[in-house]
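Visitor: Next up is a structure, given as structure tokens.
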Amino acid sequence: MATIDRQATTMALAHALSAAERGLAVIPLSRTKLPALRSPHRDDPDPTAPACHGECGRFGHGVYDASTDPRRIRALFAAAPWASGYGIACGLHPHHLIGIDLDTKSGTDSSAALRELALRHLFTIPDTVVVLTPSGGRHLWLSGPPDAAVPNSASRLAPGIDIRGAGGYLVGPGSRTEHGVYGTAPGTAHLAPAPCPPALLRLLTPPPRTHQPTPRETGQHGQGLVQFVLTAHEGQRNTRLFWAACRAYENGIGPDLTEALVEAALHTGLTDREARSTIASAARMSHRP
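Encoded structure:
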């Protein structure tokens, strides 16, 4: 059972309510930075059933629980008295938040990589909210246009630069985690998320696909495999993804289903690199004689 630090929970709730007043939809987080409320469907007997995004009326759907309504936020934290932080959902009205996560744990200089990208593609990062992480990293908050869905990614833009977009969330300032407290950089707390430079937005938005597999091509079996991955909870994510990818390749729909499986895996919390590595392993396994 999770240890309850009521002072940390009280502070997290206060910060979350303050963020909501700025139009930022929030959810409670545990000290591991994961959503504090587990999925109410984790023990559902049918893993291929359509994914629920909160239609059932219960809590525990990750970013789909996110809200700016103070009453709902208080109810979410009341249901998770062990929460010590809060997450801010990206991609939602009115800010359509995009998070640029400059990581330091990979041993790369992500700040230098971002400066190099800016010089190469002729854009400047505007003055905006900057959140300092306990590990020495930084989160830059940018605002995107409502008609551009920026996907989540890990080190796709450059080594050490992760992107939090639609379906993702950022750890909010004031959150307490296992490694320390998140806080805003001096002089940035009062700022609103600045508009994402168009040149950077083009780098973050994937080009349109020349071919999008249809449900008829992948079949109901393919859609069921995607749902099977979507309903995974912590401890099952890689296993379910590997199993689903193996079945997809065995049925000849692996290549067509890869992007849908990656997207589903990102929703469960895996990184883009982890998801693609798992699917590649399944492809190799399925092609063995």
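The working numbering puts the first residue of the sequence shown at 1164, with every later residue one more than the last. A virtual CB, placed ideally from N, CA and C, is assigned to each residue, including glycine. All figures in this text were calculated on a predicted structure; none of them were measured in a lab.
Go through its chain and collect everything with a Cβ distance to residue 1438's Cβ below 6 Å, but skip five positions before and after it.
Guide: 1425, 1428
Visitor: Would you identify the three-state DSSP class for residue 1345, choosing helix, strand or coil?
Guide: coil
Visitor: Mind pulling the beta strand (DSSP E) runs of 3 or more residues that sit fully within the stretch 1238-1262?
Guide: 1248-1252
Visitor: Cutting at 8 Å between CB atoms, please list the residues of its own chain near residue 1219, excluding the five before and the five after it.
Guide: The residues 1203, 1204, in chain order, have a CB closer than 8 Å to that of residue 1219 in the same chain once the five nearest residues on each side in sequence are set aside.
Visitor: May I ask which residues mark the beginning and end of the alpha helix (DSSP H) holding residue 1425?
Guide: 1417-1431
Visitor: Leaving out five residues on either side along the sequence, give the residues of the same chain with a beta carbon under 6 Å from the beta carbon of residue 1252.
Guide: 1188, 1226, 1229, 1332
Visitor: Would you tell me roughly how many angstroms separate the C-alpha atoms of residue 1255 and residue 1329, rounded to the nearest one?
Guide: 7 Å
Visitor: Determine whether the beta carbon atoms of residue 1363 and residue 1281 lie at a separation below 9 Å.
Guide: yes
Visitor: My understanding is that residue 1193 touches residue 1247, with C-beta atoms under 8 Å, so please give their C-beta distance in whole angstroms.
Guide: 7 Å between Cβ atoms; contact.
Visitor: To which residues of the same chain is residue 1445 closer than 7 Å at the C-beta, ignoring the five residues directly before and after it?
Guide: 1405, 1408, 1409, 1412
Visitor: From the DSSP output, in three-state form, read off residue 1376 for me.
Guide: Residue confidence is low: residue 1376 scores 45 on pLDDT, short of 50, so the model does not pin down where it sits. Its coordinate-derived value is still stated next. Three-state DSSP puts residue 1376 in coil, outside helix and strand.
Visitor: Which residue wins for smallest C-alpha separation from residue 1297, given the options 1179, 1172, 1196, 1396?
Guide: 1196
Visitor: If you measure between the beta carbons of residue 1327 and residue 1435, is that distance less than 9 Å?
Guide: Not in contact: residue 1327 and residue 1435 (Cβ atoms no closer than 9 Å).
Visitor: Between residue 1267 and residue 1221, what straight-line distance do the alpha-carbon atoms span, to the nearest angstrom?
Guide: Straight-line Cα distance between these residues: approximately 37 Å.
Visitor: Just to confirm my understanding: we take residue 1375, look at its own chain, exclude 5 residues before and 5 after, and list those with CB closer than 6 Å. What are they?
Guide: Reliability of the predicted coordinates at residue 1375 is poor, the pLDDT of 43 falling under 50, and the value obtained from them is presented with this limitation in mind. Cβ neighbours of residue 1375 beyond the five flanking positions: none.
Visitor: According to DSSP, which residues form a beta bridge with residue 1327?
Guide: 1262
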